[in-house]
Amino acid sequence: MDFNLDEFFAWVGEDIDTLMMLIWILPVIIFVFYGQRIQLLISSNEIKKDIGKLEEYTASTKKDFLNYVKNNLTSKTDPSKKLDSFFDYFTIMPVDMDPNGIISKINHLVRSREDFIRLQINGMFSDLSSVELSKLQNLLEIVTTLQLFYKHTRHLYLTAKKQKNFPLILPLQMMIPFIMEEAVALKDAMPAIKNGQPIGDSIGPMIVGQMMLNTTKERAAFETVWSKTTFEDRDLFLLKAEGPNATVGRPGDGFEKIISNKKPDLVIMIDASLKLEGEDSASIAKGFGAAIGGIGTERFKIEEIATKKQIPILALVVKQSIHEAITLMTQEIADKANTVREELYQMIRENTTSGQTILVIGVGNTIGVSQ
Amino acid sequence: MSKSKNKLTTCYTSLECNSCKILKKRKFTDGDFVFFASENCSDCDGKMMIMKIFGVTMD
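Residue numbers (my numbering), protein chains in the order written: chain A, 20 to 390; chain B, 36 to 94.
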């Protein structure tokens, strides 16, 4: 059959309205019936790529951790199998239908888990120093968290795919950039933890640690030390986690012990704080209230004691991103130590009078920072 | 030294002499930690104390 182009266009010209109607209506019909599926397909492809990255991070950090253990520690038996079982450990949080007394329950649960892991790791290796033990606990925490991220994200993705349920994938699509940001930070934290180098979060202990030099250090609580010094006719009580271990210590318990010795007139907490988008890294901010992160049990304890004894709490924080907070300390943050110390002294001058006592708490992981 | 994508981070140790206050910077070595005084000062009889350990990232 001969095809005449002129004839075809002539026909099209006559029925242009019908053709245009078809061109416009077809996609509308497609989008009405299959729109959600198309959206699910596009979104799920993006999420699938991120899940692949999460799987890769989990596998690489796990391999890294096991290699570190094999190359640096002397084990009584092959540790791989036992350590592998730790990666899947989970924690069941207490029932919160009746929140009364839940803090002490969470505290008990978290400490029991830490004690158990510490005891198990200690039993696996011979001549394990406290620094090495704390590093292993941190490394294990990184691998476990990455594995948890991977498994939960994959679960939500597969459930949405299986049930062809688009609304189910929406919260995942919203959350995945934040999950990935934290996952990259966790993966990049491995080298600093393995080498025992300070991380961004160590800025608080670094400032207080320097003030503690040439003072007599006493044990305030588990993995927590305190000492006394003076500043312009004022008594300073200094409290931080015991370095250079990779630990945050127990500042709540430490505060409790110090208060039984002498009640301070003011508490100043120095910590790293997550910066808001648009804020500069390593910028300093001052404020009120207990500057301490974590699950909330330590903050609760400090707030409770301070409220009971009517002690004001001031906060001095160094802003940083999640990546900066848990990876090797940047030069920008390290260079701010002296400025923060000057700000602290100024805060003490402005808020106390001579003869008063001030408790300064350096909050954060004190890895690679002694006192 | 750690690599992340195309970025290379090198860890440095910054030391200060407790006597003549001279500052020195060298690459991080195993066993370094902040406020550890192990090295002798090359300029006087003082001890060098580690004041900072930090990473410098280059693309």
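All C-beta atoms, glycine included, are put in the ideal place defined by N, C-alpha and C. Note that the structure is predicted; figures quoted are calculated from it, not measured.
Spatial neighbours of L155(A) within its chain, please: C-beta separation below 7 Å, excluding the five flanking residues on both sides. I140
Which residues in the same chain have their Cβ closer than 7 Å to the Cβ of G81(B), if we skip the five residues on either side of it in sequence? C52, N53, S54 and C55
Name the one or two DSSP bridge partners that T48(B) has. R61(B) and I88(B)
Proximity below 8 Å, CB of T266(A) to CB of T385(A): yes
Thinking just about the alpha-carbon of each residue, which of G215(A), A291(A), K327(A) and S149(A) is nearest to the one in V227(A)? A291(A)
Taking Cβ-Cβ distances below 9 Å as the criterion, which residues of the region 279 to 307 of chain A are in contact with chain B? none
Since W245(A) sits in a beta bridge, which residues does DSSP pair it with? E237(A) and L258(A)
Residues that DSSP places opposite L285(A) in a beta bridge: I377(A)
Which bits of chain B does M225(A) rub up against, with CB to CB less than 7 Å? V69
Name, in chain order, the residues that DSSP records as bridge partners for Q339(A). L293(A)
Tell me which residue opens and which closes the alpha helix (DSSP H) that S73(B) is part of. Careful: S73(B) lies outside any alpha helix (DSSP H), inside the beta strand (DSSP E) at A72 to N75.
Pair within 8 Å by beta-carbon distance, L257(A) and M225(A): no
Is the region 197 to 215 of chain A touching the region 331 to 349 of chain A in the sense that three or more CB pairs, one from each, lie closer than 8 Å? yes
Top-ranked residue by Cα proximity to I66(A), from M199(A), G383(A), S148(A) and F250(A): M199(A)
Nearest-angstrom Cα distance between G374(A) and K259(A)? 23 Å
Measure the C-alpha to C-alpha separation of K95(A) and I287(A) and round it to an integer number of angstroms. 45 Å
Alpha carbon to alpha carbon, how far is I352(A) from V337(A)? 8 Å
Quick one: give me the first and last residue of the beta strand (DSSP E) that F307(A) is part of. I303 to F307
Cβ of S153(A) less than 8 Å from any chain B Cβ? no
Enumerate in chain order the residues of its own chain whose CB-to-CB distance from R318(A) is below 6 Å, with the five nearest sequence positions on each side excluded. A309 and I311
Rounded C-alpha distance that separates I324(A) from D254(A): 20 Å
Since I57(B) meets chain A, which of its residues come closer than 8 Å, beta carbon to beta carbon? Here the premise fails: no neighbours, minimum Cβ distance about 17 Å.
Using 8 Å as the Cβ pair cut-off and three pairs as the minimum, do the region 179 to 197 of chain A and the region 53 to 70 of chain A touch? yes
Per DSSP, which residues does M40(A) bridge with? Please list them. DSSP output for M40(A) lists no bridge partner at all.
Can we say the region 76 to 89 of chain A touches the region 158 to 169 of chain A, given the rule of at least three CB pairs closer than 8 Å? yes
Taking C-beta pairs closer than 9 Å, name the residues in chain B that V388(A) reaches, listed in chain order. F68, V69, F70 and I88
Mind listing the chain B neighbours of P46(A)? Cutoff is C-beta to C-beta under 7 Å, in chain order. Within 7 Å Cβ-Cβ: nothing; P46(A) doesn't reach chain B, min ~39 Å.
Starting from the beta carbon of T349(A), find every residue of chain B whose beta carbon is closer than 7 Å, and list them in chain order. F89 and G90
Within a Cβ cutoff of 7 Å, which residues of the same chain sit near F63(B), ignoring the five residues on either side of it in sequence? C46, Y47, T48 and I88
So who's on the other strand from S94(A), going by DSSP bridges? F144(A)
Hey, could you find the ends of the alpha helix (DSSP H) T346(A) is sitting in? Looking at the DSSP string, T346(A) is not in any alpha helix (DSSP H), and its letter there is neither H nor E.
Use the C-beta contact count for K320(A): other C-beta atoms within 10 angstroms, 16 or more gives buried, fewer gives exposed. buried
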